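Undergrad: Chains as they are written, first to last, in my numbering: chain V, 133 to 361; chain R, 347 to 640.
Mind looking over this structure? Questions follow.
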């Protein structure tokens, strides 16, 4: 589904975020991107979403060269990717329901479809009772669930999560991961950039370890392997 | 289907944004109103100045004094054939004397006894289509056989032409500057409304909204604000000018004739209106451009 071929990313300030990196993520994968701060985890997420373009190398999305995508194709690709952020990025003046509906509305989905789809996914993330609450009235874990609901409401093929548990306590984090596993069961590819070594070790999923822009380890059923030893 | 849904969403978004940022929208509209008022006043002044100058221009005529032996009819034909010549009137020696007598009024008796030994020359009065060609026509006539002297207020006409040009250039320049100032002012205010919804725009891009979908509500908002602002400006300007016309009509200002042609005025007001909407839309889409790069 996603292939990186010798990708290098230099930022204008001269920092080398990604260095000659090749990577393959298959349909249905559940992969963690781990590594110290500045190792390039976020940059990989940005490159996949085409928020940034690589300085060198090629990126393929669903067998097509993603770097050749033009405006409309970029938008089409982004609609297949659900994003989950560390800071949630919910709109504070919209309720949980409206925040999720927003993701559909901006892609031109009919109101009828919105009314059907949004309660469904909110139920899936366990927030059917709190649809009309504003983000400020929800706990961190609940806010992140809204964020996940917003990511999956458009049936994405891939979910990209950048430090999704960064602002959550361990118990809530574990619950969130279970939600991700559930979503993964239905065939959605999931890529999570994280520092949460305990969760990574517990789940025994694919681990891609990065260090200064290079992959130092890529194991199926891997462990975090940094600070935990 | 998708387009219709999107359109409905954009319209609602625009309306919401204007209602939510009511004062900001009002301020932007007021800005457009003021800019267009100044611009429109300039336009009206330029229009009237233009008409006044045209009036003055149309009163310029070339006096061609003839020698007593001149071949009158041939000369008339020759002058009429010149490019730019609109009307040629022949004034005989007798008519010239008669006119002079009239202009003297009470003291007309000084001219008695001149009937038989008329010292005044016959002349042609030549009117041109516009003032600019007067010097050239005069020079051409001067060379003709049987012409004694040519008078057209040399110097005065050239000055008038120069003034006309300068007035036009200055009016255009000032209007352009004001339009530019208006665009910048509105851009600032719309940018504020973009800033207020900055995170919304950012999230929209992450949700996979197309560029035009993000841009459209702001474009609409700008145009709506421009529409309101220019409507007020045109109304004020229209009523103000109408009132001025009524006042002038009562006082009947000496030689100044204000422009009353409805078609000309309608075109000016229509142009102002279109400009307001255009400026609003332009400012809206420029302000959002920076935020579209995700």
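Cβ coordinates follow ideal geometry from the N, Cα and C atoms, glycine included.
Source: prediction; values computed, not measured.
Residue range of the beta strand (DSSP E) that residue 362 of chain V falls in?
TA: The shown model of chain V, from 133 to 361, leaves out residue 362 of chain V, and the question about it has no answer.
Undergrad: With DSSP as the reference, please indicate the residues paired to residue 412 of chain R in a beta bridge.
TA: Paired residue(s): R:493.
Undergrad: Can you tell me the Cα-Cα spacing of residue 626 of chain R and residue 573 of chain R, whole angstroms?
TA: So the alpha carbons of these two residues sit roughly 8 Å apart.
Undergrad: Would you say residue 631 of chain R faces chain V, with C-beta separation under 8 Å as the test?
TA: So, not an interface residue.
Undergrad: Going along chain C in order, which residues have a C-beta closer than 7 Å to the C-beta of residue 210 of chain V?
TA: No chain C is present in this structure, whose protein chains are V and R.
Undergrad: Enumerate in chain order the residues of its own chain whose CB-to-CB distance from residue 542 of chain R is below 7 Å, with the five nearest sequence positions on each side excluded.
TA: Only 367 meet the Cβ criterion.
Undergrad: Quick one: is residue 150 of chain V buried, meaning 16 or more other Cβ sit within 10 Å of its Cβ, or exposed?
TA: Residue 150 of chain V is buried by the Cβ-count criterion.
Undergrad: When the Cα atoms are used, what is the spatial distance from residue 301 of chain R to residue 582 of chain R?
TA: This structure does not reach residue 301 of chain R, given that chain R is present from 347 up to 640, and the question cannot be answered.
Undergrad: Could you work out which residue in V:296, V:309, V:222, V:146 is closest to residue 548 of chain R when comparing CA atoms only?
TA: It is V:222.
Undergrad: Hey, residue 289 of chain V and residue 235 of chain V are a contact pair by Cβ (cut 8 Å); roughly how many whole angstroms apart?
TA: Rounded, the Cβ-Cβ distance is 15 Å, inconsistent with contact.
Undergrad: Between residue 300 of chain V and residue 308 of chain V, which are expected to be in contact by the criterion C-beta below 8 Å, what is the C-beta distance as a whole number of angstroms?
TA: Contact flag correct, Cβ pair sits at about 7 Å.
Undergrad: Using the Cα positions of residue 641 of chain R and residue 385 of chain R, report the straight-line distance between them to the nearest angstrom.
TA: It is not possible to answer for residue 641 of chain R, since the shown part of chain R is limited to 347 through 640.
Undergrad: State yes or no: is the C-beta of residue 406 of chain R within less than 8 Å of the C-beta of residue 486 of chain R?
TA: Against a cut-off of 8 Å, the Cβ pair of residue 486 of chain R and residue 406 of chain R comes out as no contact.
Undergrad: Taking Cβ positions only, does residue 538 of chain R come closer than 8 Å to chain V?
TA: No, no contact with chain V.
Undergrad: Distance, Cα to Cα, residue 153 of chain V vs residue 295 of chain V?
TA: Distance between the alpha carbons of residue 153 of chain V and residue 295 of chain V is about 21 Å.
Undergrad: Could you give the DSSP three-state label for residue 361 of chain V: helix, strand or coil?
TA: Low confidence applies to residue 361 of chain V: its pLDDT is 42, below 50, so where it sits in the model is not reliable, and the reading given next is rough at best. Residue 361 of chain V falls in the coil class under three-state DSSP.
Undergrad: Give me the residue from R:579, R:595, R:594, R:505 with the minimum Cα distance to residue 616 of chain R.
TA: Nearest of R:579, R:595, R:594, R:505 to residue 616 of chain R, Cα basis: R:579.
Undergrad: Compare the beta carbon distance of residue 605 of chain R and residue 371 of chain R with 8 Å and say whether it is the shorter of the two.
TA: No.
Undergrad: Output yes if chain V places a C-beta closer than 8 Å to the C-beta of residue 361 of chain R; else output no.
TA: Not one chain V Cβ lies under 8 Å of residue 361 of chain R.
Undergrad: What residue ranges within the stretch 234-286 of chain V form continuous beta strand (DSSP E) runs of no fewer than 3 residues, ordered along the chain?
TA: Whole beta strand (DSSP E) segments, 3+ residues: zero.
Undergrad: For a quick check, are the C-beta atoms of residue 527 of chain R and residue 381 of chain R less than 8 Å apart?
TA: Their beta carbons are under 8 Å apart, which means residue 527 of chain R touches residue 381 of chain R by this criterion.
Undergrad: Rounded to a whole number of angstroms, what is the C-alpha to C-alpha distance between residue 363 of chain R and residue 634 of chain R?
TA: Roughly 14 Å separates the two Cα atoms.
Undergrad: So the beta strand (DSSP E) residue 140 of chain V belongs to, where does it begin and stop?
TA: Residue 140 of chain V -> beta strand (DSSP E) spans 134-142.
Undergrad: Can you check whether the C-beta of residue 654 of chain R is within less than 8 Å of a C-beta belonging to chain V?
TA: This structure gives no information on residue 654 of chain R, because the portion of chain R shown stretches from 347 to 640.
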